[in-house]
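**Q** Start counting the sequence shown at 1; every next residue gets the next number (full-length UniProt numbering).
Quick reminder that beta carbons are idealized off the backbone N, C-alpha and C, glycines included.
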Amino acid sequence: YQVCQVMESNQNNWLRTNWIAKSNAQRIFVELKFTLRDCNSLPGVLGTCKETFNLYYYETDYDTGRNIRENQYVKIDTIAADESFTQGDLGERKMKLNTEVREIGPLSKKGFYLAFQDVGACIALVSVKVYYKKCWSIIENLAIFPDTVTGSEFSSLVEVRGTCVSSAEEEAENSPKMHCSAEGEWLVPIGKCICKAGYQQKGDTCEPCGRGFYKSSSQDLQCSRCPTHSFSDKEGSSRCDCEDSYYRAPSDPPYVACTRPPSAPQNLIFNINQTTVSLEWSPPADNGGRSDVTYRILCKRCSWEQGECVPCGSNIGYMPQQTGLVDNYVTVMDLLAHANYTFEVEAVNGVSDLSRSQRLFAAVSITTGQAAPSQVSGVMKERVLQRSVELSWQEPEHPNGVITEYEIKYYEKVSAKIILKTKSTSASINNLKPGTVYVFQIRAFTAAGYGNYSPRLDVATLEEATATAVSSEQNPVIIIAVVAVAGTIILVFMVFGFIIGRRYCIFDGHNLMLSYIITVKFPGTKTYIDPETYEDPNRAVHQFAKELDASCIKIERVIGAGEFGEVCSGRLKLPGKRDVAVAIKTLKVGYTEKQRRDFLCEASIMGQFDHPNVVHLEGVVTRGKPVMIVIEYMENGALDAFLRKHDGQFTVIQLVGMLRGIAAGMRYLADMGYVHRDLAARNILVNSNLVCKVSDFGLSRVIEDDPEAVYTTTGGKIPVRWTAPEAIQYRKFTSASDVWSYGIVMWEVMSYGERPYWDMSNQDVIKAIEEGYRLPAPMDCPAGLHQLMLDCWQKERGERPKFEQIVGILDKMIRNPNSLKTPLGTCSRPISPLLDQNTPDFTTFCSVGEWLQAIKMERYKDNFTAAGYNSLESVARMTIEDVMSLGITLVGHQKKIMSSIQTMRAQMLHLHGTGIQV
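1) Am I right that residue 223 and residue 193 are in contact with their C-beta atoms under 8 angstroms? What's the rounded C-beta distance?
2) My guess is that residue 528 and residue 668 are in contact by the Cβ rule of under 8 angstroms, so how many angstroms apart are they, rounded?
3) Could you check where the beta strand (DSSP E) with residue 445 kicks off and where it finishes?
4) In its own chain, which residues sit with a C-beta less than 8 angstroms from the C-beta of residue 355, not counting the 5 before and 5 after it?
5) Apart from the five residues on each side of it in sequence, which residues of its chain come closer than 7 angstroms, Cβ to Cβ, to residue 625?
6) Since I believe residue 569 is in contact with residue 559 (beta carbons under 8 angstroms), could you give me their beta-carbon distance rounded to a whole number of angstroms?
7) How many Å lie between residue 26 and residue 153 at the Cα?
8) According to DSSP, is residue 249 helix, strand or coil?
9) Which value, in whole angstroms, describes the spacing of the CA atoms of residue 439 and residue 365?
10) When the Cβ atoms of the segment 428-435 are set against those of the segment 384-393, are three or more pairs found closer than 8 angstroms?
11) Which whole-angstrom value describes the C-beta separation of residue 119 and residue 40, a residue pair presumed to lie in contact below a C-beta threshold of 8 angstroms?
12) Of the residues 20, 44, 31 and 22, which one's Cα is nearest the Cα of residue 6?
13) Flag this pair as yes or no: are the beta carbons of residue 277 and residue 368 separated by less than 9 angstroms?
14) Please give the ranges of any alpha helix (DSSP H) in the segment 741-824, keeping only runs that are unbroken, at least 4 residues long and fully inside the region.
15) Who are the near neighbours of residue 883 in its chain, counting only those whose CB is closer than 7 angstroms to its CB and skipping five residues on each side?
16) Decide if residue 676 is buried, meaning its Cβ has at least 16 other Cβ atoms within 10 Å, or exposed.
17) Roughly how many angstroms separate the alpha carbons of residue 933 and residue 70, rounded to a whole number?
18) Could you check the C-alpha separation between residue 583 and residue 630 for me, to the nearest Å?
19) Buried or exposed for residue 346, going by 16 or more other Cβ atoms inside 10 Å?
20) Looking at residue 31: is its Cβ nearer than 9 angstroms to the Cβ of residue 99?
21) To the nearest angstrom, report how far apart residue 722 and residue 176 are at their CA atoms.
22) Mind pulling the beta strand (DSSP E) runs of 3 or more residues that sit fully within the segment 566-604?
23) Less than 7 angstroms between C-beta atoms, sequence neighbours within five positions excluded: which residues of the same chain meet that for residue 619?
24) Tell me whether residue 382 sits in a helix, a strand or coil according to DSSP, three-state version.
25) Quick check on residue 178: does DSSP put it in helix, strand or coil?
26) Near residue 801, which residues of its chain fall below 6 angstroms by C-beta distance, leaving aside the five closest residues on each side in sequence?
27) Please list the segments of the beta strand (DSSP E) lying wholly inside the segment 79-153, counting only runs of 3 or more residues, in order along the chain.
28) Is the beta carbon of residue 326 closer than 9 angstroms to that of residue 294?
29) Quick check on residue 544: does DSSP put it in helix, strand or coil?
30) Entirely within the segment 188-239 and at least 3 residues each: give me those beta strand (DSSP E) ranges in chain order.
31) In whole angstroms, what is the alpha-carbon distance linking residue 858 and residue 902?
32) DSSP has residue 29 in a bridge; who is on the other side?
33) Residue 691 to residue 658, Cα distance in whole Å?
34) Would you report the Cα separation of residue 10 and residue 114, rounded to the nearest angstrom?
35) By DSSP, does residue 427 sit in helix, in strand, or in coil?
36) Give me, in chain order, the residues of the same chain whose beta-carbon lies closer than 6 angstroms to that of residue 608; leave out the 5 immediate sequence neighbours on both sides.
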């Protein structure tokens, strides 16, 4: 479509599209391609000619036809051409085609019209393309995500829940989700689907296990071949069935082979001792393919006449036991004398009770002989004297014949045994020692032999003193004498004890108290162990970090990206505990072994720390994918970004409280012999209670107990703006270099996240520091805090305060808030000299000529004037290329002038920072 009515004024030409159904789209894009003629090529029409046209739209739920008034349209934009053509272009066929894209939205009705208004331009509309954006259907982690139209806003994300492919199911508490971005791109997937039991993943589908294979759980990755003596005759099997005569015990997992009961024990032999039988046998020739073989004994008593047998009953004793025997022997006791018995010994395993086949056992028949009497019972002490004890007892319950005598065995607990025999059921044992404990046991004797001894009976004879007291009842003089002697002895001991106590006990008590105080004040300090000292890094991870089950972790959303992969937030639910919010660092797919080792090294470091101002490690996931590090969730994120977001919203006391927390965490790390090497506000995390915690241990290293020991690197990237001079120059890192970095963190906090040294280059920063420049106090910073910063920035690391001292200084400030109310401007003395006394103050010069004269380079005054450098501010912005362009060719002069310019720049920055007008 084209129009070119530029010769007439007051043009109002309209072109409208048909009604366009928008489907599910909320944001519509319109791409216009058109040509437009330059009004300058149309003489005489400059007042009426236009080089633009207007684009409108009108929303409606249905086709309204032509009944739309001009004032009902909503203007999208006035379209101008980037390229226009002239009359000459027409002849040469060089017309320029313009392309413009405009966005409409959000739309709420079913469709819309587009309209184009020409107000006097020479224009040709070549094409109009109307489209919307969507994320195309994909399959990710076995979940189908359908075509999804983008959101209504440019920054909006549309959350889409995936549907598991056929024969797959959602992972427990981890539903598959993805987000469709405004540009029609899918973002990082969360959650996943897994193939059900009997199915395994192949590409983006779940295929059934083939015949002869199985998969018992959705948690298994692949199908497995059926174990020995089992089979699966259909596809998609979750377990394999056992062959005939083979079984699987209820406790057997699906992956073990099917087994069968063992054969019978071999070489059963016996030995009879009156009414006790000992049985021994050899293991079965075939244990059925199992290692849980045990033995059980079946006892039957058979009659003499008909040979009928009945179970022995519960009066029989087995040593060690009747069933569940691990060893291949047993002793059967308490059998009847002159009786026939049959014993069956059966080997059993975990599947014996499942078998329907005939029992396999070894059997033996025996006849018992004359039995000894059973155990004597009811042994009692009738009378106990100083040197004698009288006992009595009852006949055995089963005499098994005529009892001819009893044997009494007695002995002191620490001496040899003595045997005494008697024919009655009582006896008096004489010639014993007074005040002595004796042990007595009794057994009966028949023609068949001795029975078992009775249980032990302990008896203590009377003391000698007791006998004296009894014999002296009629002599009170003796009693009084004994009491007097005893009283005298007790009194002597009391006096002696009192004297000794006066001399020694109090001192001993004081020593004990000192020991207690020393123990409390100087506990054993835990020392940090560098994971790189381990030959196997996995050992270090599992020694210092807790291995978590991936099923306990639920990833909810992506919150950032790290060096090794995404950083997500989620929940950790450990068995028996409440779920907690956590941050999850994931290792990206396709990692190398070195990347995995470096990734887990941070966990090996963090796992050694336990302090409220050091980020806490919850654990790691190393036995699954993705590999994860799980730490506590810090709601407010990195300190620098948090301060920039809340610029000016905190009191000085709150800021000092944050600094105190960081210093306390660093004090803990320093006490463990640990150097952070990358202490900066970006590596401090803040929780919802404004508690600051040290994090990011990727650059950290250990130092020895020697306070002068350092860790020297062999190169690599160093955060120059936060690093101490000796660490930059000599690659030497100590706790003192961490103190320098802490001073920079103080400056960041008090300036609400401003970049240290502003836009100075790293080389300029290094040179300025070497020449004595230090960052000025931030706005409204108390003098005491800036002085503490300057102390942290002492050139000699031995003169810097320790973290222990820093914590003490900040504690005093918090306890005395008035010390934080004095602004820096009221300080009457310079806090720290900017440069050495030998360096001139270039900010005092009034002209470029005075400056050149001061540095003995006045010969180049005309060069500067000719190039337009008439002020010191313009000179301070010069580079080495600018100096060379002035015609200064001597390298020595170039260096001298640039050195002076850098010093001038540092002095000006200092004066700007302190509020002095330059």
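**A** This is what the structure holds:
1) About 17 angstroms separates the two Cβ atoms, so there is no contact after all.
2) Contact between residue 528 and residue 668 is absent: CB atoms are separated by about 10 angstroms, not below the 8 angstroms threshold.
3) 437-446
4) 245, 247, 260 and 261
5) none
6) Their Cβ separation, rounded to whole angstroms, is 5 angstroms, which keeps residue 559 and residue 569 in contact under 8 angstroms.
7) 9 angstroms
8) coil
9) 41 angstroms
10) Verdict: yes, contact present.
11) The pair is not a contact, with the Cβ atoms about 18 angstroms apart (cut-off 8 angstroms).
12) Checking every option, the nearest Cα to that of residue 6 belongs to 44.
13) yes
14) 762-770, 783-792 and 803-815
15) 894, 897 and 898
16) Per the 10 Å Cβ criterion, buried.
17) Because the chain in this structure spans residues 1 to 918, residue 933 falls outside the shown range and cannot be described.
18) One C-alpha to the other measures close to 6 angstroms.
19) buried
20) In contact: residue 31 and residue 99 (Cβ atoms closer than 9 angstroms).
21) 42 angstroms
22) Whole beta strand (DSSP E) segments, 3+ residues: 566-572 and 580-586.
23) Setting aside the 5 residues that flank it on each side, residue 619 is surrounded in the same chain by 545, 546, 547, 548 and 630, each with a C-beta closer than 7 angstroms to its C-beta; the list follows chain order.
24) strand
25) strand
26) 791
27) 98-104, 111-118, 123-131, 138-140 and 143-145
28) yes
29) Residue 544 falls in the helix class under three-state DSSP.
30) 193-195, 199-202 and 205-208
31) About 18 angstroms.
32) 103 and 131
33) Computed Cα separation, rounded: 7 angstroms.
34) 22 angstroms
35) strand
36) Around residue 608, the same chain offers 528 and 544 as residues with beta carbons nearer than 6 angstroms, after the five sequence neighbours per side are excluded.
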